[in-house]
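Top line first, the protein sequences correspond to chains A and B.
Numbering-wise (our numbering), the first sequence opens with residue 1 and increments by one.
Numbering-wise (our numbering), the second sequence opens with residue 1001 and increments by one.
There are 2 protein chains.
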Amino acid sequence: MDKIILDVMGGDNAPAAIVEGAVRALKDDKRLYLIIAGREAEIKAELAKYKYDASRVEILDCPDVIGMNDVPTEAIKNKQASLTAAYWHLKKNDDVCGLVSAGSTGAIIAGGQLILGRIRGIKRAALCPAIPNVNGATLLCDCGANAECKPSMLCQFALLASAYAQAGFDKANPSVGLLNNGTEEHKGDPLRQETYKYLSQMQGINFVGNVEGRDINYGNVDVVIADGFSGNVALKSIEGCAKMILATMKKQFKSSPASLIGSLFMLGAIKRMKKGLDFDKYGGALLLGLKKVVIKSHGTSKPVTIANAIKNALSIYRNGLIPKVEEMLEKVDLDNLIPVEE
Amino acid sequence: MDKIILDVMGGDNAPAAIVEGAVRALKDDKRLYLIIAGREAEIKAELAKYKYDASRVEILDCPDVIGMNDVPTEAIKNKQASLTAAYWHLKKNDDVCGLVSAGSTGAIIAGGQLILGRIRGIKRAALCPAIPNVNGATLLCDCGANAECKPSMLCQFALLASAYAQAGFDKANPSVGLLNNGTEEHKGDPLRQETYKYLSQMQGINFVGNVEGRDINYGNVDVVIADGFSGNVALKSIEGCAKMILATMKKQFKSSPASLIGSLFMLGAIKRMKKGLDFDKYGGALLLGLKKVVIKSHGTSKPVTIANAIKNALSIYRNGLIPKVEEMLEKVDLDNLIPVEE
């Protein structure tokens, strides 16, 4: 059995949609064992709605809930019977391999860094979503955990996301691009210029140079490295654009009898298109750099999103993400490559 | 007559598509007088293909061409008979009101700052495209002229883009948001936190707080302020997303006989949708902060893009963009608001 902790109290549709996602995941994977963290009575009431293999489920009663208005680090410290307890359970039990939550991003990051802890040698954890592109998905790392970055952090993100591309997407030698405001070598601010230099020299990283925002969806590279500020801007700009186009499409397709008839002929094509652009497919962003697999799902997660997040967490664990990172860290002697930073 | 200089040697389809755009613009606006800058023989050969009012056209022979591989500031200094000559003509003739070019962004910015010059009191010029949103367009300023910014620059961008929203989009009291990695007041790095404080205190600016990447396409605000690095990331991420979705749609619509029939019923709706999402509608990005109206069109500009850029330049000039900026600068005493920066 592979054990995953699922926080069911976070997210707009919690706990109902999250518990439904848990039941789906249990059906999909017979080697999955779920530790469902949250308010026990609410979890039991939701679980009672479904048939599931109760021998692969236990409940970790967490009466406290960390809300979107809580200050993350304070909430993680003060609300012990919450996501905090889930993180302690994850840390203390060797046979528990990962955690999935659709709760407050800040709290998930804070708990990951303060309780679970980072892989030895990793400076900062980074959020890494898989963004749909024309061929599959592009990994964008970091997209919000670190608003300010130093070159050594960006270099570590390249290493972490390369390990994720290997363990999660079966890419043997994932290509890595640095998000910049142009593709030429000299482009960008001093942070980008310095990072470019170090990435070019890093062993074990397939660095292909600077890339631009458009390359994320074009899928020209497997991994895009960014500071958390501009990565967040890119991710949310893409989200806004996709929503605008799909909303405009919907409106126009209903705008005349002809186009409404037309859209009926096209239901299959529209369904396939939406599937190709599915932001829920991977269930959320991986919080990279921690000692175990942690996935932050979107606040609006539906049951299928949660089931995908659990599936993804299992798969990444089974493909040995963490040992891969440790192995790469040993090979790449970053301390020797990058001078001490202020 | 309102005189505009059109550089026809820049852009992927130059000079043919640019000259065709010029002819279109002359037809659309009878008060337009065009000074066509570029290689005279090539311009004459292209013009000979069309009927147009020759009394409203003159040619400024510029045998030198600044290419995409030239270093912008060096090219502007060394290649005198090029965009450089066009900029000098713009500077020296009071009756010439603006310039349009689809050439090298770097050269357009360098020529604007080194030859034409900035409005008195403005620290830096900024690129400001109008990005389609669900209700119209959002102005994004800066999106690439300044990779590194200080708070005073971002505050000036807010002022410049607000003047553009008034002169170009008829918004009486345009709302302004600061691009950040979250909407809460404390969000972002020190640059964002400081800028937030000053924008909140600026007279004559309708600052509504932090916005996220998704708000650009949602159209929740009229103006989004960004440093040139993250603005560029946002713009290009949106471009990549839009292209990916339209390409996926096209592919899926041709994927089966049913969907092909369906798409025929929907031609009208698809056309209206594309029109709503038209990135060519405004012809390019305004280079704000200069003494006259300068528009940088996309390198891939088609004739209609160039005609739109000329139309947009005329309209902004006629609505008094530059006097509006000067008036706002006087009202907002930025030097008094923001302490001297390093």
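Heads up, the beta-carbon is just placed ideally off N, CA and C, and yes, glycines get one too.
These numbers come from a predicted model, not from an experiment.
Environment of R1120 (chain B) [buried if 16+ CB atoms lie within 10 Å]: In the second sequence, counting from the first residue as 1, residue 1120 (chain B) sits at position 120. R1120 (chain B) counts as exposed, since fewer than 16 other C-beta atoms from the protein chains shown sit within 10 angstroms of its C-beta.
Environment of D1215 (chain B) [buried if 16+ CB atoms lie within 10 Å]: In the second sequence, residue 1215 (chain B) corresponds to position 215, counting from 1. Here D1215 (chain B) is buried: its Cβ has 16 or more other Cβ atoms, across all protein chains shown, within 10 Å.
C141 (chain A) (DSSP reduced to helix, strand or coil): Numbered from its first residue, the first sequence carries residue 141 (chain A) at position 141. Under the three-state reduction of DSSP, C141 (chain A) is assigned to strand.
Length at least 3, wholly inside the segment 151–189 of chain A: the beta strand (DSSP E) runs in chain order: Counting only runs of 3 or more residues that sit fully inside the segment 151–189 of chain A, the beta strand (DSSP E) segments are 175–179, in chain order.
Chain-ordered residues of the segment 111–130 of chain A with a beta carbon less than 8 Å from chain B: Within the segment 111–130 of chain A, no residue has a Cβ that lies closer than 8 Å to any Cβ of chain B.
For V1224 (chain B), the residue or residues it bridges with in DSSP: Counting from 1 along the second sequence, the entry for residue 1224 (chain B) is found at position 224. The partner list for V1224 (chain B) (beta bridge, DSSP) reads B:L1140 and B:G1177.
Stretch-stretch touch, CB-based, cutoff 8 Å, three pairs: the segment 309–323 of chain A with the segment 1020–1033 of chain B: Too few Cβ pairs lie closer than 8 Å, so no.
For A81 (chain A), the first and last residue of its enclosing alpha helix (DSSP H): Taking the first sequence and counting its residues from 1, one reaches residue 81 (chain A) at position 81. In this chain, A81 (chain A) is not harboured by any alpha helix (DSSP H), its DSSP state being neither H nor E.
The segment 1198–1220 of chain B: positions lying closer than 9 Å to chain A by Cβ: Among the residues of the segment 1198–1220 of chain B, those with a Cβ less than 9 Å away from any Cβ of chain A are E1212, G1213, R1214, D1215, I1216, N1217, Y1218 and G1219, in the order of the chain.
Beta-carbon proximity list for P1348 (chain B), same chain, < 8 Å, skipping 5 on both sides: No information on residue 1348 (chain B) is available, as it lies outside the stretch 1001 to 1342 that chain B covers here.
Residues sharing a beta bridge with R118 (chain A), DSSP: Taking the first residue of the first sequence as 1, we reach residue 118 (chain A) at position 118. A:L290, per the DSSP bridge assignment.
CB contact check: C1097 (chain B) to chain A, cutoff 7 Å: Start at 1 with the first residue of the second sequence, and residue 1097 (chain B) comes out as number 97. For C1097 (chain B), the answer is no, since every Cβ of chain A falls outside 7 Å of its Cβ.
Contact list for D189 (chain A) against chain B, beta-carbon separation under 8 Å: Counted from its first residue, the first sequence places residue 189 (chain A) at position 189. Residues of chain B whose Cβ lies closer than 8 Å to the Cβ of D189 (chain A) are, in chain order, A1147, E1148 and F1229.
V1223 (chain B) to A86 (chain A) span [Cα, whole Å]: The residue you call residue 1223 (chain B) lines up with position 223 of the second sequence. The residue you call residue 86 (chain A) lines up with position 86 of the first sequence. Distance from the CA atom of V1223 (chain B) to the CA atom of A86 (chain A), rounded to whole angstroms, is 42 Å.
Unbroken beta strand (DSSP E) run spanning A37 (chain A), endpoints: Reading the first sequence from its first residue, position 37 is the one you call residue 37 (chain A). DSSP places A37 (chain A) in the uninterrupted beta strand (DSSP E) bounded by L32 to G38.
Counterpart residues of A285 (chain A) in DSSP-defined beta bridges: Reading the first sequence from its first residue, position 285 is the one you call residue 285 (chain A). DSSP, once it has assigned bridges, lists A:K296 as partnering A285 (chain A).
Local conformation of D961 (chain B) per DSSP, three classes: Residue 961 (chain B) cannot be examined here, being either before or after the span of chain B that is shown, 1001 to 1342.
Beta-bridge pairing of S101 (chain A) - partner residues as DSSP gives them: If you number the first sequence from 1, residue 101 (chain A) lands on position 101. Bridge partners of S101 (chain A) according to DSSP: A:D7 and A:K296.
7 Å Cβ cutoff, K1171 (chain B) in contact with chain A: Here residue 1171 (chain B) refers to the residue found at position 171 when the second sequence is read from its first residue. Not closer than 7 Å to any Cβ of chain A, the Cβ of K1171 (chain B) fails to qualify, so no.
Reduced DSSP category for C1128 (chain B) - H, G, I as helix; E, B as strand; rest coil: Stepping through the second sequence from its first residue, residue 1128 (chain B) is reached at position 128. In this structure, C1128 (chain B) counts as strand in the three-state DSSP scheme.
The segment 1316–1330 of chain B in contact with the segment 1159–1179 of chain B per 3-pair CB rule at 8 Å: Segments in contact, yes.
For D94 (chain A), the three-state DSSP class (helix, strand or coil): Counting from 1 along the first sequence, the entry for residue 94 (chain A) is found at position 94. D94 (chain A) falls in the coil class under three-state DSSP.
CB contact below 7 Å: K1250 (chain B) versus chain A: For the purposes of this step, residue 1250 (chain B) is taken as the residue at position 250 of the second sequence. For K1250 (chain B), not one C-beta of chain A is nearer than 7 Å to its own C-beta.
Three CB pairs or more closer than 8 Å across the segment 1072–1086 of chain B and the segment 1279–1295 of chain B: With the cut-off at 8 Å, the segment 1072–1086 of chain B and the segment 1279–1295 of chain B do not touch.
Residues bridged to N308 (chain A) (per DSSP): Reading the first sequence from its first residue, position 308 is the one you call residue 308 (chain A). Paired residues: none, contrary to the question.
Chain-ordered neighbours of V1176 (chain B) on chain A, where CB pairs are closer than 8 Å: Position 176 of the second sequence, counting from 1, holds the residue named residue 1176 (chain B). Within chain A, no residue comes near V1176 (chain B); the closest Cβ sits about 17 Å away, beyond 8 Å.
Limits of the unbroken alpha helix (DSSP H) element including E1020 (chain B): Working through the second sequence from its first residue, we reach residue 1020 (chain B) at position 20. Element bounds for E1020 (chain B): A1016 to D1028.
Touch test, the segment 1200–1214 of chain B against the segment 1175–1186 of chain B, Cβ-Cβ under 8 Å, three pairs minimum: With a cut-off of 8 Å, the segment 1175–1186 of chain B and the segment 1200–1214 of chain B count as touching, because enough Cβ pairs lie within range.
A247 (chain A) versus B:A1048, B:N1135 and B:L1127, residue with shortest Cα-Cα distance: If you number the first sequence from 1, residue 247 (chain A) lands on position 247. The option with the nearest alpha carbon to A247 (chain A) is B:N1135.
At least 3 beta-carbon pairs within less than 8 Å: the segment 140–157 of chain A vs the segment 228–243 of chain A: Taking one beta carbon from each stretch, the segment 140–157 of chain A and the segment 228–243 of chain A have 3 or more pairs nearer than 8 Å; the two touch.
Three-way DSSP call (helix, strand, coil) for I1205 (chain B) in this model: Translated into the one-based positions of the second sequence, residue 1205 (chain B) becomes position 205. In the structure shown, I1205 (chain B) sits in coil (DSSP, three-state: anything other than H, G, I, E or B).
Members of the segment 233–250 of chain A that neighbour chain B once the beta carbon cut-off is set at 9 Å: Interface annotation for the segment 233–250 of chain A against chain B: V233, A234, L235, K236, S237, I238, E239, G240, C241, A242, K243, M244, I245, L246, A247, T248 and M249, criterion Cβ-Cβ distance under 9 Å.
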